[in-house]
Amino acid sequence: MLESFIVPLLAATVQSGTPILYATLGEILTEKGGILNLGVEGMMSMAAFVAFAVAYTTGNPWLAFICGGLAGTVMAMLHGFVCITCLGNQVVSGLALTILGVGLCNFLGTPFIGLAAPGFSKFAVPVLSSIPYLGKIFFRQDALVYFCYFIPFIFMIFMNRTRLGIAITAVGEKPGAAAAAGLKAVKLRWMALLGGGFLIGLGGAYLSLAYTHLWANGLAGGRGWIAVALVIFAFWRPGRAVFGAYLFGGVMAFQLRLQAIGTHIPSSLLLMLPYALTILVLIFSAVRGRGGNAPSHLGINIEPEG
Amino acid sequence: MLGYRLQKRDEPWSWGAPIIVVGALVLSLGISALLLKLQGKSAVEGLFVLWQGSFGASWALEDALLKSIPIFLCALGVATAFRMQVWNIGAEGQFALGAIGATWAALNFPDLPGYLLMPLMFFSAAVFGGFWAYIPAILRLKLKVNEIISTLMLNYIAILLLEYLVFGVWKDPKSYGFPVTPEFTGGAVIGQIGDSRLHWGFVVCIGAGLGMWAFMRFTRLGFDIKVAGEGQRVAMYSRLPYGKLTILVMAISGALAGWAGCIETSAVVNRLQPSIMVGYGYTAIVVAWLARLHPLYIAISAYLLAALRVGVENMQLELQIPAAFGSIMEGLILMSVLAGQMLVTYKIRRKK
Amino acid sequence: MKGPQDLTRPDSQKATGFADAAPLISLKGITKRFGKVVANKDISLDLYPGRIKALLGENGAGKSTLMNMLAGRFKPDEGYIEVDGVRKEFTSSKDAIKAGIGMVYQHFMLVETMTVAENVLLGQEGSFFINPREMNDRVRKLAVDYELEIDPTARISDLSMGEKQRVEILKLLYRESRVLIFDEPTAVLTPREAFRLFEALWAMTRLGKSVVFISHKLEEVMAIADEVAILRRGAIDDEVMRDKITSKADLACRMVGKEVLLEVTKEDVEIGEKVLEVKNMTGIGLRGINLHVRKGEVVAIVGVAGNGQQELVEGVSGLRKPPKDTIFIMNKPWRKFFAEMTWNNSMSYIPEDRLDLATARNLDLVDNLLLTTGKGFTKGPFLQRDKAAKVAQELVEEYDVRPGRIQALAWQLSGGNLQKMVLARELYRQPHLIVAEQPTQGLDISATEEVWNKLLEARKMAGILLITGDLGEAVQLADRVAVMYCGQIMDEFPVTDTAKLDNIGLLMAGVRE
Chain A
1 MLESFIVPLL AATVQSGTPI LYATLGEILT EKGGILNLGV EGMMSMAAFV AFAVAYTTGN
61 PWLAFICGGL AGTVMAMLHG FVCITCLGNQ VVSGLALTIL GVGLCNFLGT PFIGLAAPGF
121 SKFAVPVLSS IPYLGKIFFR QDALVYFCYF IPFIFMIFMN RTRLGIAITA VGEKPGAAAA
181 AGLKAVKLRW MALLGGGFLI GLGGAYLSLA YTHLWANGLA GGRGWIAVAL VIFAFWRPGR
241 AVFGAYLFGG VMAFQLRLQA IGTHIPSSLL LMLPYALTIL VLIFSAVRGR GGNAPSHLGI
301 NIEPEG
Chain B
307 MLGYRLQKRD EPWSWGAPII VVGALVLSLG ISALLLKLQG KSAVEGLFVL WQGSFGASWA
367 LEDALLKSIP IFLCALGVAT AFRMQVWNIG AEGQFALGAI GATWAALNFP DLPGYLLMPL
427 MFFSAAVFGG FWAYIPAILR LKLKVNEIIS TLMLNYIAIL LLEYLVFGVW KDPKSYGFPV
487 TPEFTGGAVI GQIGDSRLHW GFVVCIGAGL GMWAFMRFTR LGFDIKVAGE GQRVAMYSRL
547 PYGKLTILVM AISGALAGWA GCIETSAVVN RLQPSIMVGY GYTAIVVAWL ARLHPLYIAI
607 SAYLLAALRV GVENMQLELQ IPAAFGSIME GLILMSVLAG QMLVTYKIRR KK
Chain C
659 MKGPQDLTRP DSQKATGFAD AAPLISLKGI TKRFGKVVAN KDISLDLYPG RIKALLGENG
719 AGKSTLMNML AGRFKPDEGY IEVDGVRKEF TSSKDAIKAG IGMVYQHFML VETMTVAENV
779 LLGQEGSFFI NPREMNDRVR KLAVDYELEI DPTARISDLS MGEKQRVEIL KLLYRESRVL
839 IFDEPTAVLT PREAFRLFEA LWAMTRLGKS VVFISHKLEE VMAIADEVAI LRRGAIDDEV
899 MRDKITSKAD LACRMVGKEV LLEVTKEDVE IGEKVLEVKN MTGIGLRGIN LHVRKGEVVA
959 IVGVAGNGQQ ELVEGVSGLR KPPKDTIFIM NKPWRKFFAE MTWNNSMSYI PEDRLDLATA
1019 RNLDLVDNLL LTTGKGFTKG PFLQRDKAAK VAQELVEEYD VRPGRIQALA WQLSGGNLQK
1079 MVLARELYRQ PHLIVAEQPT QGLDISATEE VWNKLLEARK MAGILLITGD LGEAVQLADR
1139 VAVMYCGQIM DEFPVTDTAK LDNIGLLMAG VRE
């Protein structure tokens, strides 16, 4: 049971949690700067497509991965133009971005359906992969998963130990105070938004480069929305985001495995699991009463001064 | 930056709203045309086919009117919630639940006469849709659970629930494996108006629109909703039951979307099947925002976006352009309107 | 113990050696407009090292706008700023900070979730990475050097108002600002804390820094300023050396423009039954409060902001649930009163926050009238908006609410006109109890006078609970004064008791004889 079911399940958990983790961290960075970006689903879709298209045409998965991130940044720019420059409503702009991103991805992606592109494949890390159980779970993955192990740490150091990270936090909490201290509040918001967009894009790229190597429409499958919910669950902290992302990765992997084994439970009910869990997770966070951890100026635009 | 800055207007720009919407439409059409070009299709021909499909023929106008019925009802509901700053993104799921509710009534009481069955279906659709909206409302009130995400997740769950039903317990044994319920009996089908393809759901739609308009404008409850939308603090000061109003607007919102689902199953497909879920609930959000939440403008923009959908279907048929083209346009229109709305309150001034 | 009366600077605190120094900063003909409103008109000022310049003016006279231009947040439409005799163009706060200008805002510009040290270092240039321990040590040393003791690792949200202000001052000192601007710094302080602040300001002038002290409190200006500039309607009305001012009354005359100080005549009104009674109330941040208000009288609650006044108001006005059987309004227990409350002949609450609590900013005046009078314009499920519009028009005319159109949205009204509209609406309800919170804050003298007169007139139908931070207002309006400190009522006495009135500063600081 352990060898044949649990260990492979946990290994699959890590893999399907990875894109969610990238996206969740990206959204945390965005929200730390005070911008609510509900376009994650659209950004991931678009990034998945761009990454796939680049990999398909150039054959270079690393370049494709970076391009996926940049696609996220470009999408974030649209959101920034609407909300930061034009002071549009952040909730609605995010929704529009999702509609647009998913639409673009399906429109541009239709000719690619069923095609395969080079991507990342799994390899074992020497020494570490021979640790009993843990080695199989964590160190027989693809390069992007390994890369993702480092990001939460870098993220934590960036937010707590660098001037820029603290400045971004200040802008999300109280842009007026940041501006009075001589910081360029609007510029910092842009940086958080675009940086976050890049990470979200990486999450999308993972879907088409490593999670699957075949193009299909609708790859994001609600993961973007799960990432938005996980930010609340994580209380805007990267450490808890890791836990949340792997939790969802686990549920998705579990559900796929059950379908593969062939149970009597209809697949539509199994597919509901991650979405139902998202609501449960939000209820759990609410009961723990940490919604107050949200950046105080989240979702509120900075009005220009005289 | 760039030598321009924003300056607040003393009075809002009164002609701004229509100009911005037209500008947004033109801009979005332009960008979409570019996309067509990128895909190696003729932009001019594409836009012509889009126009033909949207407004160029009587069948197109009729089709658009048919499609605007569910969109209008969903948007009317969504707008009511938005007015109170309750972000109900769940019209899609509430639509599904309404369809399920109506089907439940239609399948369980097939022998009832229409004048009894039809009200029962509408009632059950409103209850099912309203209930689906009540869940996020109560979660938001009691636990401060973010309703944007909960309504969205409930959309996914609702669609899967609908699939579960038509693939399972409600599946028509005579459907040769297709996931559909048995066809509704005569009493459960909303009929056509005269010889046209238009059905009586259209009248329901007009009634609902007028009703909501009058409700918001003339009743005290409507006024209370308007005030509560100005913020929780003002609501508290005016001693409004903010929580109850939240639940009320969500229930209204869900019930209207539920009706849309009911009409779509009963009048258009005459049975429940997954193909009714084509994203009207999301289009409704675009419509509500374009119309700045006003019932009359909602009617106009619902028709506009319905026409766009018909036009895109025409493009799909004639030029093999993916249906996603419609979402791109919707997203672009909404984003450009949002960006443009700044011009209502601000002037752009050259920096000195 | 220092009361507010003897704040004067001891000779040992005088800054010397800067007598002939050139100005650090000069403002040259500064004009600033917001739309059609001219906030500052052709203002020229010189700020010298080692001196404290008081900038005196009513709320809305343009003090904050002027200082925001110095701090680089706004750009002047005309005129310019000279630093050390060199013309400078500030495009952002950063430029002002670089020029050595630092500002302590009335509403602190601190990030509540971050630590003291993080706030002090926010916006400072330096290495990409920071070392928290070194950062804390530096801030701790600075605090010790200037005797502004504070724990650098403490979170801002855990600090008192006085401590937060110390953090703001540390920010300026850390940046070695040469010109320190304080916007209404004593509004949040007890008299004792205020005196500590003054000592700190004097210490800074001895270091050759220039201090700008913005205030509308005459005694403070008399106590600490070297020079006084008076701002009226956006222009410098008068600029004098402190020595030339003979008395507080003299300064007052200069401030209001050669007019007499505002005084309203208070007719005697028949005192009626109790409309509010607070019995031994402990909870929601208050301790052992006993208080009553009778019809026909004004009871003023005074004290430094944040000592429980807000909790008391929220309890009485029904925004927050008080403990059982502590508050009785019109002889009914709280719960019963609010359950049965009618729209008129009941209670009116005139809050401090006019724009987002008392009115809805995006609604017009008719809708805003309906906010609390809606029940009076209801027939069945329907709202009689036409009738309400007629009443709104009458009220707008009676109270001279400008610009006189009932279609105007709340945000388009100036503070004074908005307050008049709120007052008109609340008095239209014929209340028996009025809770008025800072009713004239931010209003000019004529609007203040109107509000005061209306409130005094309202005594004929109601008892008034007045919450104010302005002692003058309390003296003008109240029959009895209660002083709050730390959620308790320190003392309550008739306004005629001048001996107690003189000692009110001590009471406000929590000292009982």
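Protein chains in written order, with our numbering: chain A, 1 to 306; chain B, 307 to 658; chain C, 659 to 1171. The beta carbon of each residue, even a glycine, is placed where N, CA and C say it ideally should be.
Distance, residue j Cα to residue i Cα
{"i": "residue 169 of chain A", "j": "residue 784 of chain C", "result": "18 Å"}
{"i": "residue 745 of chain C", "j": "residue 860 of chain C", "result": "29 Å"}
{"i": "residue 701 of chain C", "j": "residue 886 of chain C", "result": "14 Å"}
{"i": "residue 71 of chain A", "j": "residue 46 of chain A", "result": "7 Å"}
{"i": "residue 92 of chain A", "j": "residue 957 of chain C", "result": "49 Å"}
{"i": "residue 87 of chain A", "j": "residue 645 of chain B", "result": "7 Å"}
{"i": "residue 119 of chain A", "j": "residue 627 of chain B", "result": "28 Å"}
{"i": "residue 62 of chain A", "j": "residue 488 of chain B", "result": "52 Å"}
{"i": "residue 821 of chain C", "j": "residue 808 of chain C", "result": "7 Å"}
{"i": "residue 1045 of chain C", "j": "residue 544 of chain B", "result": "19 Å"}
{"i": "residue 802 of chain C", "j": "residue 973 of chain C", "result": "42 Å"}
{"i": "residue 262 of chain A", "j": "residue 3 of chain A", "result": "20 Å"}
{"i": "residue 1073 of chain C", "j": "residue 355 of chain B", "result": "57 Å"}
{"i": "residue 643 of chain B", "j": "residue 909 of chain C", "result": "55 Å"}
{"i": "residue 753 of chain C", "j": "residue 728 of chain C", "result": "10 Å"}
{"i": "residue 636 of chain B", "j": "residue 1043 of chain C", "result": "37 Å"}
Exposure of residue i, with buried meaning 16 or more beta-carbon neighbours within 10 Å
{"i": "residue 320 of chain B", "result": "exposed"}
{"i": "residue 1063 of chain C", "result": "exposed"}
{"i": "residue 938 of chain C", "result": "exposed"}
{"i": "residue 130 of chain A", "result": "exposed"}
{"i": "residue 132 of chain A", "result": "exposed"}
{"i": "residue 1154 of chain C", "result": "exposed"}
{"i": "residue 758 of chain C", "result": "buried"}
{"i": "residue 1111 of chain C", "result": "exposed"}
Contacts that residue i makes with chain E (C-beta to C-beta distance below 8 Å)
{"i": "residue 527 of chain B", "result": "Protein chains A, B and C are contained in the structure displayed, whereas chain E is not."}
Check whether residue i and residue j have beta carbons under 8 Å apart
{"i": "residue 135 of chain A", "j": "residue 99 of chain A", "result": "no"}
{"i": "residue 227 of chain A", "j": "residue 48 of chain A", "result": "no"}
{"i": "residue 24 of chain A", "j": "residue 271 of chain A", "result": "no"}
{"i": "residue 1181 of chain C", "j": "residue 827 of chain C", "result": "With chain C covering only 659 through 1171, there is no way to say anything about residue 1181 of chain C."}
{"i": "residue 505 of chain B", "j": "residue 573 of chain B", "result": "yes"}
{"i": "residue 1081 of chain C", "j": "residue 1109 of chain C", "result": "yes"}
{"i": "residue 1095 of chain C", "j": "residue 1010 of chain C", "result": "yes"}
Residue(s) in a DSSP beta bridge with residue i
{"i": "residue 868 of chain C", "result": "C:837"}
{"i": "residue 885 of chain C", "result": "C:711 and C:899"}
{"i": "residue 1083 of chain C", "result": "DSSP output for residue 1083 of chain C lists no bridge partner at all."}
{"i": "residue 140 of chain A", "result": "A:124"}
{"i": "residue 936 of chain C", "result": "C:949 and C:985"}
Proximity to residue i [Cα-Cα], best of the options
{"i": "residue 878 of chain C", "options": "C:776, C:840 and C:866", "result": "C:840"}
{"i": "residue 1020 of chain C", "options": "C:1068, C:1114 and C:1031", "result": "C:1068"}
{"i": "residue 394 of chain B", "options": "B:339, B:451 and B:411", "result": "B:451"}
{"i": "residue 616 of chain B", "options": "B:546, B:359, B:638 and B:652", "result": "B:359"}
{"i": "residue 338 of chain B", "options": "B:638, B:604, B:327 and B:454", "result": "B:638"}
{"i": "residue 383 of chain B", "options": "B:548, B:608, B:350 and B:525", "result": "B:608"}
{"i": "residue 124 of chain A", "options": "A:113, A:111 and A:141", "result": "A:141"}
{"i": "residue 613 of chain B", "options": "B:322, B:363 and B:336", "result": "B:363"}
{"i": "residue 500 of chain B", "options": "B:509, B:471 and B:493", "result": "B:509"}
{"i": "residue 561 of chain B", "options": "B:511, B:335, B:603 and B:314", "result": "B:511"}
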